[in-house]
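K.L.:
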Amino acid sequence: MKKVTPMSRLCDITTILQTSKLGGSRKQAAISTIKALLSSDCQPCLSSFWKSITDGKKSSPLNIRSPKIKALIHDAFQEPGGLNTLTSVQHIIEIHRTVLNPQQRLVQPTELSLLLVTITWGAILDTDLDSFTKAALADALDKITKLLIGYVDSVDKFLALVAMLCLAERMNQKELHTLILACAGTASCLKLHIGSVVRASCLSEEQAAQVERAMCILYYIEKSYALRWQTLTLISKESLPAVETRTDPTLRKDTSAISLQLLHARTRYAHLCLHIIELRKTADENALASFMGKITELATALNDWHELITENLSMSSLEEHTARRVTRQVFCLYHEALLHLVSIYSSHQCNSFNPPHQGLEAIRRQSIREFILSCNTIPSEDLLQDQSFIFTSVLAFCLLVQDSWLNQNMDLRKENAALLSISNGFFARIRLMYPQSSIFEKVSTLISIVNYE
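Numbering follows full-length UniProt numbering, with no gaps: position 256 of the sequence shown is 256.
See the structure below:
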């Protein structure tokens with residue numbers, strides 16, 4: 001069966017280019033390049049990058065007895081919104097001790113998976129960790145992922161799968177959709193959407209709360225993925241448990257309050273993603289005025305969500321670089337959803353003198369401009385620790401290219417040219433950090449097509 005590569009299709013690219021003044025061969029080159037840029041194959045994968053930086057030399061097996069492992073475990077639990085919503089650092093330390101002393105008891109694949117995910121998460125945050133250790137972690141992750149997916153269904157397996165899913169989203173793993181399907185299948189098999197079943201299946205209230213939070217995490221990652229790559233949605237809103245922000249008794253002292261805030265924030269964001277997905281499906285069925293009104297309402301809701309999160313997140317307890325990273329993650333989520341939303345109805349399909357359309361075009365241009373300008377401020381280490389910024393940058397760039405073809409306003413064309421130059425510089429940085437990535441070459445090709453007279 002032929003592999004179908006997920007692609008982010010903001011609108012009918014062929015139709016857009018047909019309205020431009022591009023010649024036939026340039027038009028086809030532009031179509032092919034944009035489709036390639038917006039495909040999942042073009043996005044850098046952190047584990048593939050780790051394997052590539054060893055210059056083809058075979059990595060040694062992971063040394064689980066290295067003193068560095070304890071530090072990586074500790075670092076992983078300092079990251080808000082990550083593993084500390086699913087498990088505790090004490091549990092992972094206990095697993096590590098068991099691995100070091102296997103005569104005490106057998107280590108289950110679910111436990112080994114949690115340990116590897118934790119160590120890998122710590123490795124992402126440690127920019128000084130040697131490349132051979134990171135390559136060994138990438139190899140170990142590949143093996144444990146296959147083992148875990150094929151393992152017998154259980155609550156422990158579900159929690160381990162969702163932890164793996166969180167890591168896969170962070171690293172932009174190619175197996176992300178496979179893990180979404182595995183998590184959804186396991187949850188369905190165990191009937192984890194039913195509260196009474198969860199309570200009966202879990203060994204403690206703590207584990208039941210972890211399962212409830214894991215269901216929320218699965219929901220929001222799946223909806224974000226579906227929005228980006230236009231896949232079918234799997235998890236219904238009705239299957240979500242009610243998780244209280246302030247009264248959850250299972251949060252440990254080492255878990256920041258911001259983790260649960262982020263859980264709720266991303267769940268609300270997922271609801272908005274679902275509305276955008278549903279609106280995108282009915283684009284050709286709605287009357288123009290009604291359709292534009294719904295887009296405007298969702299744009300307002302997204303803006304309210306972003307402002308609320310920015311104002312209310314408890315950042316004071318975080319280190320500066322961690323707070324910066326969390327703020328940027330929220331920034332990326334907001335702009336990616338907004339760009340998908342306001343691009344459902346492309347500019348050539350509406351009357352440019354229609355006031356609602358003019359308002360949405362202004363929102364679209366502002367979002368593109370704001371995001372591309374932010375490329376100059378992101379430290380290189382952040383680009384090596386979170387892949388989400390790269391995709392949203394590609395998204396904004398492709399929409400900027402579209403505007404450059406269609407817009408005849410001289411002032412806007414000058415601004416677009418400046419933004420294209422900034423984008424080119426940003427993707428040149430990506431090329432230096434990810435030598436295997438072809439993004440910069442494709443970006444340069446598109447800029448050449450735009451600038452060709």
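Idealized CB from N, CA, C, for every residue including glycine.
Leaving out the 5 sequence neighbours to the left and right, which residues in its chain are closer than 8 Å to K237 when beta-carbon positions are compared?
P.N.:
Along the sequence shown, one-based indexing puts residue 237 at 237. Result list for K237: Y219, H271 and L274, in chain order.
K.L.:
DSSP state of L165, grouped into three classes?
P.N.:
Position 165 of the sequence shown, counting from 1, holds the residue named residue 165. In this structure, L165 counts as helix in the three-state DSSP scheme.
K.L.:
Taking the alpha carbon of K442 as the point to measure from, which residue in H91, T33, K27 and T145 has its own alpha carbon closest?
P.N.:
What you label residue 442 is simply residue 442 of the sequence shown in a count that begins at 1. Nearest C-alpha to K442: T33.
K.L.:
With distances taken Cα to Cα, identify the nearest neighbour of I69 among D126, S25 and K35.
P.N.:
Counting from one through the sequence shown, the residue named residue 69 turns up at place 69. Measuring from the Cα of I69, the nearest candidate turns out to be D126.
K.L.:
Whose CA, out of I309, R413, R369 and E336, lies closest to the CA of F389?
P.N.:
Position 389 of the sequence shown, counted from the first residue, corresponds to residue 389. Answer by Cα proximity: E336.
K.L.:
Measure the beta-carbon distance from K134 to W50 and round it to whole angstroms, keeping in mind my assumption that it falls under 8 Å.
P.N.:
Residue numbering aside, residue 134 sits at position 134 when the sequence shown is read from its first letter. Residue numbering aside, residue 50 sits at position 50 when the sequence shown is read from its first letter. So it is a contact: roughly 4 Å between Cβ atoms.
K.L.:
For D403 and D139, what's the separation of their Cα atoms in angstroms?
P.N.:
Within the sequence shown, the letter at position 403 stands for residue 403. Within the sequence shown, the letter at position 139 stands for residue 139. Those two C-alpha atoms are separated by around 42 Å.
K.L.:
DSSP three-state call for E319: helix, strand or coil?
P.N.:
Working through the sequence shown from its first residue, we reach residue 319 at position 319. Coil at E319, not helix or strand.
K.L.:
Can you check whether the CB of L112 is closer than 8 Å to the CB of T87?
P.N.:
Taking the sequence shown and counting its residues from 1, the one referred to as residue 87 is at position 87. Taking the sequence shown and counting its residues from 1, the one referred to as residue 112 is at position 112. No, Cβ-Cβ distance for T87 and L112 is not below 8 Å.
K.L.:
Using a Cβ-Cβ cut-off of 6 Å (strictly less than) and excluding sequence neighbours within five positions of R364, which residues of its own chain qualify?
P.N.:
Here residue 364 is taken as the residue at index 364 of the sequence shown, counted from 1. Once the five neighbours on either side are set aside, the close Cβ partners of R364 are V342.
K.L.:
CB A187 to CB M215, shorter than 8 Å?
P.N.:
Locating residue 187 in the sequence shown gives position 187, where the first residue counts as 1. Locating residue 215 in the sequence shown gives position 215, where the first residue counts as 1. It is a contact, given that the beta carbons lie within the stated cut-off.
K.L.:
Is the number of C-beta pairs between the stretch 40-54 and the stretch 171-180 that are closer than 8 Å three or more?
P.N.:
Contact holds: three or more Cβ-Cβ distances are below 8 Å.
K.L.:
Does the distance from the CB of L190 to the CB of D153 come in under 8 Å?
P.N.:
By 1-based counting over the sequence shown, the position of residue 190 is 190. By 1-based counting over the sequence shown, the position of residue 153 is 153. Cβ atoms of L190 and D153: closer than 8 Å.
K.L.:
Indicate whether the contact test is met: 3 or more Cβ pairs, each with one atom in the stretch 378-387 and one in the stretch 320-338, closer than 8 Å.
P.N.:
Judged by Cβ distances under 8 Å, the stretch 378-387 makes contact with the stretch 320-338, as three or more pairs qualify.
K.L.:
What do you reckon, are the CB atoms on L227 and I149 nearer than 8 Å?
P.N.:
Locating residue 227 in the sequence shown gives position 227, counting from the first residue. Locating residue 149 in the sequence shown gives position 149, counting from the first residue. Against a cut-off of 8 Å, the Cβ pair of I149 and L227 comes out as no contact.
K.L.:
Mind listing, in chain order, the continuous alpha helix (DSSP H) runs of no fewer than 4 residues lying wholly within the stretch 360-430?
P.N.:
If we require 4 residues or more, the alpha helix (DSSP H) runs fully inside the stretch 360-430 come out as 380-383 and 388-406.
K.L.:
Give the range of the alpha helix (DSSP H) segment to which I124 is assigned.
P.N.:
The sequence position of residue 124 within the sequence shown is 124, counting from 1. I124 -> alpha helix (DSSP H) spans P109 to L125.
K.L.:
Could you tell me the alpha carbon to alpha carbon distance between L72 and G122, rounded to whole angstroms?
P.N.:
For the purposes of this step, residue 72 is identified with residue 72 of the sequence shown, where counting begins at 1. For the purposes of this step, residue 122 is identified with residue 122 of the sequence shown, where counting begins at 1. Distance between the alpha carbons of L72 and G122: 4 Å.
K.L.:
Would you identify the three-state DSSP class for residue 455, choosing helix, strand or coil?
P.N.:
Lying outside 1 to 453, the shown extent of the chain, residue 455 is not represented and no answer is given.
K.L.:
Which residues in the same chain have their Cβ closer than 7 Å to the Cβ of I92, if we skip the five residues on either side of it in sequence?
P.N.:
Taking the first residue of the sequence shown as 1, we reach residue 92 at position 92. Answer for I92: I73, L114, L115 and T118, listed in chain order.
K.L.:
I'd like to know if K281 contacts chain D, where contact means its C-beta is closer than 8 Å to some C-beta of that chain.
P.N.:
Chain labels in this structure do not include chain D; a single protein chain is all it has.
K.L.:
Quick check: the Cα distance between D254 and A289, rounded to an integer number of angstroms?
P.N.:
As a first step, residue 254 must be located in the sequence shown, where it is residue number 254. As a first step, residue 289 must be located in the sequence shown, where it is residue number 289. Because D254 carries a pLDDT of 39, less than 50, the predicted location of this residue cannot be relied on, and no value is offered for it.
K.L.:
What separation, rounded to the nearest whole angstrom, lies between the Cα atoms of N312 and L419?
P.N.:
Walking along the sequence shown from the start, residue 312 turns up at place 312. Walking along the sequence shown from the start, residue 419 turns up at place 419. Distance between the alpha carbons of N312 and L419: 32 Å.
K.L.:
Nearest to I144 by alpha carbon, out of D128, R324, T110 and L159?
P.N.:
For the purposes of this step, residue 144 is taken as residue 144 along the sequence shown, with counting starting at 1. When each option's Cα is compared against that of I144, the closest is T110.
K.L.:
Taking 8 Å as the cut-off, decide whether the C-beta atoms of I447 and L373 are in contact.
P.N.:
Taking the sequence shown and counting its residues from 1, one reaches residue 447 at position 447. Taking the sequence shown and counting its residues from 1, one reaches residue 373 at position 373. The answer is no: Cβ separation not under 8 Å.
K.L.:
Taking the alpha helix (DSSP H) that D142 falls in, what are its first and last residues?
P.N.:
Stepping through the sequence shown from its first residue, residue 142 is reached at position 142. S131 to I149 is the span of the alpha helix (DSSP H), which, as asked, contains D142.
K.L.:
I need the DSSP call for R280, collapsed to helix, strand or coil.
P.N.:
As a working note, residue 280 is residue 280 in the sequence shown. Helix, per DSSP.
K.L.:
Taking A362 as the reference, give the member of T296, F397, T322 and F391 with the closest Cα.
P.N.:
Taking the sequence shown and counting its residues from 1, one reaches residue 362 at position 362. Out of T296, F397, T322 and F391, T296 has the C-alpha closest to the C-alpha of A362.
K.L.:
Report yes if the CB atom of V394 is closer than 8 Å to the CB atom of L38, and no otherwise.
P.N.:
Here residue 394 is taken as the residue at index 394 of the sequence shown, counted from 1. Here residue 38 is taken as the residue at index 38 of the sequence shown, counted from 1. Yes, these two residues count as a Cβ contact at 8 Å.
K.L.:
Assign K223 to one of two classes, buried (16 or more other C-beta atoms within 10 Å of its C-beta) or exposed (fewer than that).
P.N.:
If you number the sequence shown from 1, residue 223 lands on position 223. Buried.
K.L.:
Among the candidates N63, L62, Q207 and H193, whose CA atom is the shortest distance from the CA of T85?
P.N.:
Within the sequence shown, the letter at position 85 stands for residue 85. Checked all of N63, L62, Q207 and H193; the closest Cα to T85 is Q207.
K.L.:
Could you check if V450 is buried or exposed, using at least 16 other CB atoms within 10 Å of its CB as the buried criterion?
P.N.:
Your numbering for residue 450 matches position 450 in the sequence shown. With 16 or more Cβ atoms within 10 Å of its Cβ, V450 is classed as buried.
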